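Comments concern the structure below.
Numbering (my numbering), first residue to last: 9 to 152.
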């Protein structure tokens, strides 16, 4: 009986989760778009009503990310400590992760330094049809 219970628990924790996989793929898409300077790919991962606390909309946040990628040069975006919480009923999710910007100009870039100093992204994601899109992204201070 213990073996069966352990097997069920293992399966519950490790079973495939298509929504989580799609959100992780979305984050990889945004990461790749930033690294390659592909504004269309980046913007296609955002909802039409994207907004954040800095007043960015879909177009202005895309422009800011593309400008940052051009400023740093040979940009490598590294995401770590990714946590995804999904509310399947509402079609909404939250992804939390750390970002590090690596590249030619990253050592002297104030944004890259700020991200290194324990900043985390908190991203609100919304499902539209079969796909997930970022609706809002904020940077918060993390003690861990």
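The beta carbon of each residue, even a glycine, is placed where N, CA and C say it ideally should be. Predicted model, so just to flag it, every value in this text is computed and none were measured.
Contact check, residue 103 vs residue 35, beta carbons under 8 Å: Residue numbering aside, residue 103 sits at position 95 when the chain shown is read from its first letter. Residue numbering aside, residue 35 sits at position 27 when the chain shown is read from its first letter. Going by C-beta atoms, residue 103 is nearer than 8 Å to residue 35.
Best match in 43, 42, 134 for proximity to residue 97 [C-alpha to C-alpha]: Taking the chain shown and counting its residues from 1, the one referred to as residue 97 is at position 89. Residue 97 has its Cα closest to that of 134, out of 43, 42, 134.
Whether residue 50 touches residue 70 by CB criterion (8 Å): Looking up residue 50 in the chain shown gives position 42. Looking up residue 70 in the chain shown gives position 62. Yes; because the gap between Cβ atoms is below 8 Å, this pair is in contact.
Simplified DSSP assignment, three categories, for residue 82: Walking along the chain shown from the start, residue 82 turns up at place 74. In this structure, residue 82 counts as coil in the three-state DSSP scheme.
Residue 111 and residue 84 closer than 8 Å at C-beta: As a first step, residue 111 is located in the chain shown; it is residue number 103 there, counting from the start. As a first step, residue 84 is located in the chain shown; it is residue number 76 there, counting from the start. It is a contact, given that the beta carbons lie within the stated cut-off.
Beta-carbon spacing of residue 79, residue 117 below 8 Å: One-based indexing of the chain shown puts residue 79 at position 71. One-based indexing of the chain shown puts residue 117 at position 109. A contact, by the Cβ cut-off of 8 Å.
Terminal residues of the alpha helix (DSSP H) in which residue 43 lies: Locating residue 43 in the chain shown gives position 35, counting from the first residue. Its alpha helix (DSSP H) spans residues 26 to 44.
Environment of residue 213 [buried if 16+ CB atoms lie within 10 Å]: Outside the shown range of the chain (9 to 152) lies residue 213, about which nothing can therefore be said.
Residue from 41, 141, 27 with nearest C-alpha to residue 75: For the purposes of this step, residue 75 is taken as residue 67 along the chain shown, with counting starting at 1. If we check each option's Cα against that of residue 75, 41 comes out closest.
C-alpha gap between residue 91 and residue 131, whole angstroms: In the chain shown, residue 91 corresponds to position 83, counting from 1. In the chain shown, residue 131 corresponds to position 123, counting from 1. Distance between the alpha carbons of residue 91 and residue 131 is about 10 Å.
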